[in-house]
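A short write-up of the structure that comes next.
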Amino acid sequence: MKIDIKDYKGSPIITPTGDIDLYSSPELRAELMRLISKKTRALHVDFGNVSYIDSSGIATFVEGLKNMKSYGGRLKLIGLSEAIMEIFRFSKLDKVFEIYGNIDEAFNS
Amino acid sequence: MKIDIKDYKGSPIITPTGDIDLYSSPELRAELMRLISKKTRALHVDFGNVSYIDSSGIATFVEGLKNMKSYGGRLKLIGLSEAIMEIFRFSKLDKVFEIYGNIDEAFNS
Amino acid sequence: MKDSIAITIPAHPRYLCVVRDVTVSMGKIYNLPETDIENIKLAVDEACSNVIKYACRGDTTQKIDIKFSVTKKGFEVVIDDNGIKAKPELIEGRSLTDIRPGGLGVHLIKRAFDVVSFDETKKKGNRLRLIRRLDKKAGVQ
Amino acid sequence: MKDSIAITIPAHPRYLCVVRDVTVSMGKIYNLPETDIENIKLAVDEACSNVIKYACRGDTTQKIDIKFSVTKKGFEVVIDDNGIKAKPELIEGRSLTDIRPGGLGVHLIKRAFDVVSFDETKKKGNRLRLIRRLDKKAGVQ
Ligand SMILES: Nc1ncnc2c1ncn2[C@@H]1O[C@H](COP(=O)(O)OP(=O)(O)O)[C@@H](O)[C@H]1O
Ligand SMILES: Nc1ncnc2c1ncn2[C@@H]1O[C@H](COP(=O)(O)OP(=O)(O)O)[C@@H](O)[C@H]1O
Chain G
1 MKIDIKDYKG SPIITPTGDI DLYSSPELRA ELMRLISKKT RALHVDFGNV
51 SYIDSSGIAT FVEGLKNMKS YGGRLKLIGL SEAIMEIFRF SKLDKVFEIY
101 GNIDEAFNS
Chain Y
1001 MKIDIKDYKG SPIITPTGDI DLYSSPELRA ELMRLISKKT RALHVDFGNV
1051 SYIDSSGIAT FVEGLKNMKS YGGRLKLIGL SEAIMEIFRF SKLDKVFEIY
1101 GNIDEAFNS
Chain C
2001 MKDSIAITIP AHPRYLCVVR DVTVSMGKIY NLPETDIENI KLAVDEACSN
2051 VIKYACRGDT TQKIDIKFSV TKKGFEVVID DNGIKAKPEL IEGRSLTDIR
2101 PGGLGVHLIK RAFDVVSFDE TKKKGNRLRL IRRLDKKAGV Q
Chain A
3001 MKDSIAITIP AHPRYLCVVR DVTVSMGKIY NLPETDIENI KLAVDEACSN
3051 VIKYACRGDT TQKIDIKFSV TKKGFEVVID DNGIKAKPEL IEGRSLTDIR
3101 PGGLGVHLIK RAFDVVSFDE TKKKGNRLRL IRRLDKKAGV Q
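Protein chains in written order, with our numbering: chain G, 1 to 109; chain Y, 1001 to 1109; chain C, 2001 to 2141; chain A, 3001 to 3141.
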């Protein structure tokens, strides 16, 4: 997994590329927590290049969401493939996360 | 591997899809030999969907070429990826086979 | 050994991708439907992740043996370790309505496999047996 | 077992794709350049194909053990079988200018690996050791 972080209209977009698993999720967690510790108001995660996610990756996002909610921040997930969406649905997390089809939808929400 | 055979302007085009290896090359060989036994004048093999070829696949085409040459037939290979072209080059077979970029080039030759 | 393959990896998360690749390869060889393969891949990853986390506790000098086979029973994956013995009665996923990190792996394993059972007769370490029943369509042609 | 993985397959061509996938996974884990990975994948496939053809002679109840490791020497693949002993002095690719089917595999193996040697001390069957030297860029980060 590689992680790219860009600024888009003043908010960070995190773009992980590759597989998010027990090996790579600690690195993703570190990046998320670094941004969250700065009380980032809105954080976008672009799933467009994520080919796979396991429960350690999901746990990372659940933890990030909980932390952001504590100060009123918003974590937005963008462009989940059908296979990944299916895991969120199965885990009943599709109702818990803000999930958008593309970046503009996420920004305008 | 799957093998598709279509007729194009009166000549057969064989389109294998997937990996050509010791497991799949016997099936490819059977199809080639079936067409060659009918003394097919020109046989086209479209490599566009071939992701991998090993020496058993190469041997299959060398055998096909030898058989076709015996009656003046032509075996034309089309659309080889750079990785596959590289194996033909290494094997000094790029000079032995008729290799074309696309189907029209092959037909007009 | 007929129709079965075995792989041994260090108990290190770095090698989980190899296990996933082998799982997918085996699923394809046995013509499982694509969504089943995806679910099984995730489940095997989750089971091996748990071995790394709970049985081996981060000791990456330990190893994990994974055996894949196709029998009349179905697509079977057996995962062996020499780590700390699990207490199967304590292994439980969280309630899916209780939103917190963790506790999903067990659910994902049970979604993919019809049988999920620890071999209680194994003396040292753990042997987890996972079986997915196959319908007639699957299997080597 | 550190930084090494092992896989056992039946001596059947159907499982060569699994060996290729594992080879690629290991190459990626150890950051080999992409063309090196492609060449190594092909070479390991060729070596296992030869075991199936010449050592096991189509007896698919036999098995092949393949061990991948990364040491100071480089990226090493060791292939073990219990089949008919090879006579290394008789293993020779055809001249590349002599166009005929066959005889390419040995060339493709030697192209990818710096060391290609049979372990003559093995009593039954064969052990082929393949080593590709790595430059400093590769290896686990
Ligand atoms: N192989 C195992 N050995 C011991 N305990 C385990 C094992 N697998 C799971 N568990 C226990 O079951 C719980 C639920 O596992 P799981 O659903 O995978 O979630 P997580 O690992 O994220 O907590 C774990 O927290 C752990 O206590
Ligand atoms: N593992 C092996 N055991 C015995 N003989 C072998 C083995 N590998 C290769 N050979 C011999 O070396 C020759 C060249 O092998 P190779 O270049 O792979 O071409 P091919 O298998 O297409 O003939 C083979 O024809 C065979 O006689």
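Even for Gly, the Cβ is constructed at its ideal location relative to N, Cα and C.
Taken through DSSP and simplified to helix, strand or coil, C:Glu2046 comes out as helix.
Neighbours of C:Ser2025 in chain A, taken as residues at a C-beta separation under 7 Å, are given in chain order as Cys3017, Val3018, Asp3021. By the Cβ test, the region 2121 to 2137 of chain C is in contact with the region 2030 to 2043 of chain C, since at least three Cβ pairs between them sit closer than 8 Å.
For Y:Ile1058, the neighbours in chain A by C-beta distance under 7 Å run, in chain order, Leu3104. For G:Ala59, the CB contacts under 8 Å within the same chain, skipping 5 residues up- and downstream, are Ser25 in chain order. Between ligand 2 and the CB of A:Ile3040, the shortest heavy atom gap is not smaller than 6 Å. If only uninterrupted beta strand (DSSP E) runs of at least 3 residues are considered, those enclosed by the region 1045 to 1076 of chain Y are 1050 to 1053. Contact of C:Glu2046 with chain G by beta-carbon distance below 8 Å involves Asp54, Ser55.
Residues of the region 2003 to 2015 of chain C that bring their beta carbon within less than 8 Å of a beta carbon in chain A comprise Asp2003, Ser2004, Ile2005, Ala2006, Ile2007, Thr2008, Ile2009, Pro2010, Arg2014, Tyr2015, in sequence order. C:Glu2076: member of the beta strand (DSSP E) spanning 2074 to 2081, first to last residue. Residue side-chain check: G:Ile58 keeps its Cβ at 6 Å or more from all non-hydrogen atoms of ligand 1.
Identification of chain A residues near C:Ile2029 by a Cβ-Cβ cut-off of 9 Å yields Arg3014, Tyr3015, Cys3017, Val3018, ordered along the chain. Scanning G:Arg29, G:Ile87, G:Lys6, G:Lys2 for the CA closest to the CA of G:Thr17 turns up G:Lys2.
Taken through DSSP and simplified to helix, strand or coil, C:Asn2039 comes out as helix. Secondary structure of A:Val3070 (DSSP, three-state): strand. Of A:Gly3102, A:Tyr3054, A:Asp3135, A:Thr3023, the smallest CA-CA separation from A:Ser3069 is found for A:Thr3023.
About 15 Å separates the CB atoms of A:Asp3059 and A:Thr3008; that is not less than 8 Å, and the two are not in contact. For G:Asn67, the distance from the CB to the nearest heavy atom of ligand 1 is not below 6 Å. When C-beta distances to chain A are compared with 7 Å, the residues of the region 1058 to 1084 of chain Y below that value are Ile1058, Ala1059, Val1062, Glu1063, Ala1083, in chain order. For Y:Gly1018, the three-state secondary structure derived from DSSP is strand. With respect to chain G, the C-beta atom of C:Leu2096 has a partner C-beta closer than 7 Å.
Residues of chain C whose Cβ lies closer than 7 Å to the Cβ of G:Tyr23 are, in chain order, Pro2013, Arg2014, Leu2016. A Cβ-Cβ contact shorter than 7 Å links C:Leu2016 with C:Cys2048. With a threshold of 16 other beta carbon atoms within 10 Å, C:Arg2100 falls short and is exposed. Y:Tyr1023 places its beta carbon less than 7 Å from that of A:Arg3014.
C:Ser2117: member of the beta strand (DSSP E) spanning 2115 to 2118, first to last residue.
Scanning chain Y for C-beta atoms nearer than 9 Å to the C-beta of A:Pro3033 yields nothing, as the closest lies near 13 Å away. One alpha carbon belongs to A:Val3116, the other to A:Ser3025, and they sit about 21 Å apart. Taking 7 Å as the cut-off, the beta carbon of G:Gly79 is found closer than this to the beta carbon of G:Phe47. Under the three-state reduction of DSSP, A:Lys3110 is assigned to helix. Distances from the alpha-carbon of Y:Pro1012 to those of Y:Lys1039, Y:Gly1072, Y:Asp1021 put Y:Lys1039 closest. Residue-level contact by beta carbon fails for C:Ile2066 and chain G, as no gap is shorter than 7 Å. Taking C-alpha positions only, G:Ile14 is separated from G:Lys92 by approximately 23 Å.
Residues of chain G with a Cβ closer than 9 Å to the Cβ of C:Arg2132 do not exist, since the nearest Cβ in that chain sits about 16 Å away. A straight-line Cα-Cα distance of about 10 Å links C:Asn2039 and G:Glu86. Among the residues facing chain C, G:Ser51 is not included, as its CB has no counterpart in that chain under 7 Å away.
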